[in-house]
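Enquirer: Dropping the structure in here first, questions after.
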Amino acid sequence: MDDVFLTTERMTLRPFTAGDAGPVLALHDDPSVMRFINGGRPTTREAVETRALPRLMHVHPCLGTPGYWAAESRETGAFLGWFEFRPLAEDTPAVVELGYRLHTVAWGRGLATEGARALIDTGFTAYGVRRVKADTMAVNTASRRVMEKAGLSLVRRYTEDWPHPLPGSEYGEVEYALTREVWVERRAGDDGHGVSPCRPTARARAAYGRPSAPRGTAPDAARRPTGDDVGDLGAPA
21 MDDVFLTTER MTLRPFTAGD AGPVLALHDD PSVMRFINGG RPTTREAVET
71 RALPRLMHVH PCLGTPGYWA AESRETGAFL GWFEFRPLAE DTPAVVELGY
121 RLHTVAWGRG LATEGARALI DTGFTAYGVR RVKADTMAVN TASRRVMEKA
171 GLSLVRRYTE DWPHPLPGSE YGEVEYALTR EVWVERRAGD DGHGVSPCRP
221 TARARAAYGR PSAPRGTAPD AARRPTGDDV GDLGAPA
């Protein structure tokens, strides 16, 4: 496909379009997918079209790319969900937040890990990313396993005073992270966290290229979304 940004062994990652409202609605309206995000509350097509899709489609100046990518099966073309690789500041790609939200039919197959590794490798090699971070509830063990398999390490545990706490919130939140320096060391040591089988397509290289924004530092804003926000982790793999 001409609009594909990245390919992995089993998936293509492409930008979202306005025509993705239906698939996104089905994903964000699945109580199993949204269990650790909003407690499984239903959403509406209006919320997807007016709030979720604009954020999924937003292009970040410091990267020159969107912060979210639609994931499709290379074998069938089916919509599997999305991956987040979003800078925490609009003016620097130094720190990005990793996230993923996949349909339950894609769970348990290693797809979240595959996509996460692909984006991490691309971010560190082509887009000036210095640190990748991810946050989730401490009890969300499936997503924590994905973070660890993607090469991130636990850096802190913390608690937040959420206005509508979810079951398990009493155990707090966790932050995982991976720096480019550690990623480079692991690649050199060939410890199993090396380059994943992925590549930006020729069209993506032409469309997005390499950003020229300054490579500074950005604050890490820990958060867990509520309602129809689209930023946390919702898919074990």
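The numbering of the sequence shown is my numbering, which starts it at 21 and goes up by one. Built from N, CA and C at the ideal position, the CB exists for glycine as well. Being a predicted model, the structure only gives us computed values, none of them experimental.
1. Are residue 52 and residue 124 touching if we call contact CB-CB under 7 Å?
2. Since I believe residue 172 is in contact with residue 198 (beta carbons under 8 Å), could you give me their beta-carbon distance rounded to a whole number of angstroms?
3. Rank 164, 144, 134 by C-alpha distance to the C-alpha of residue 29 and give the top, closest one.
4. Leaving out the 5 sequence neighbours to the left and right, which residues in its chain are closer than 6 Å to residue 200 when beta-carbon positions are compared?
5. Where residue 156 and residue 140 are concerned, what is the direct C-alpha to C-alpha distance, given to the nearest angstrom?
6. Starting from the C-beta of residue 160, find all residues in its chain whose C-beta is less than 6 Å away, skip the five residues before and the five after it, and write them out in chain order.
7. Once you ignore the five residues that flank residue 59 on each side, which residues in its own chain have a CB closer than 8 Å to its CB?
8. Residues in its own chain within less than 7 Å of residue 192 by CB, not counting five upstream and five downstream?
9. Pick out the complete alpha helix (DSSP H) segments inside the region 38-80, 4 residues or longer, and give them in chain order.
10. Is residue 144 helix, strand or coil by DSSP?
11. Hey, residue 126 and residue 31: beta-carbon distance below 7 Å or not?
12. Can you tell me where the alpha helix (DSSP H) with residue 161 in it begins and where it stops?
13. Mapping the DSSP letters down to three states, classify residue 124 as helix, strand or coil.
14. Apply the 10 Å Cβ neighbour rule to residue 74 and answer buried if 16 or more other Cβ atoms are within range, or exposed otherwise.
15. Report the three-state DSSP secondary structure of residue 154 (helix, strand or coil).
16. Under the three-state reduction of DSSP, which class applies to residue 135: helix, strand or coil?
17. With distances taken from CA atoms, which of 38, 118, 83, 190 is nearest residue 66?
18. Closer than 8 Å by C-beta to residue 86: which residues in its own chain qualify, once you throw out the five before and the five after it? Chain order, please.
Expert: So, from the data block:
1. Closer than 7 Å, so yes.
2. Indeed, because the Cβ distance is near 5 Å, the residues count as touching under 8 Å.
3. Looking only at 164, 144, 134, the smallest Cα-Cα distance to residue 29 is reached by 134.
4. These residues qualify, in order along the chain: 144, 150.
5. In this structure, the CA atom of residue 156 is about 18 Å from the CA atom of residue 140.
6. Only 56 meet the Cβ criterion.
7. So the qualifying residues of the chain are 184, 186, 187.
8. Same-chain partners within the cutoff: 158, 177, 178, 179.
9. Within the region 38-80, the complete alpha helix (DSSP H) runs of at least 4 residues fall at 41-48, 55-58, 73-77.
10. In the structure shown, the three-state DSSP call for residue 144 is helix.
11. No, the Cβ-Cβ distance between residue 126 and residue 31 is not below 7 Å.
12. Looking at the DSSP string, the run of the alpha helix (DSSP H) that includes residue 161 is 161-169.
13. In this structure, residue 124 counts as helix in the three-state DSSP scheme.
14. With fewer than 16 other Cβ atoms from the protein chains shown falling within 10 Å of its own Cβ, residue 74 counts as exposed.
15. The three-state secondary structure of residue 154, taken from DSSP, is strand.
16. Residue 135 falls in the helix class under three-state DSSP.
17. Nearest of 38, 118, 83, 190 to residue 66, Cα basis: 38.
18. Contacts found: 35, 36, 76, 77, 78, 79, 80.
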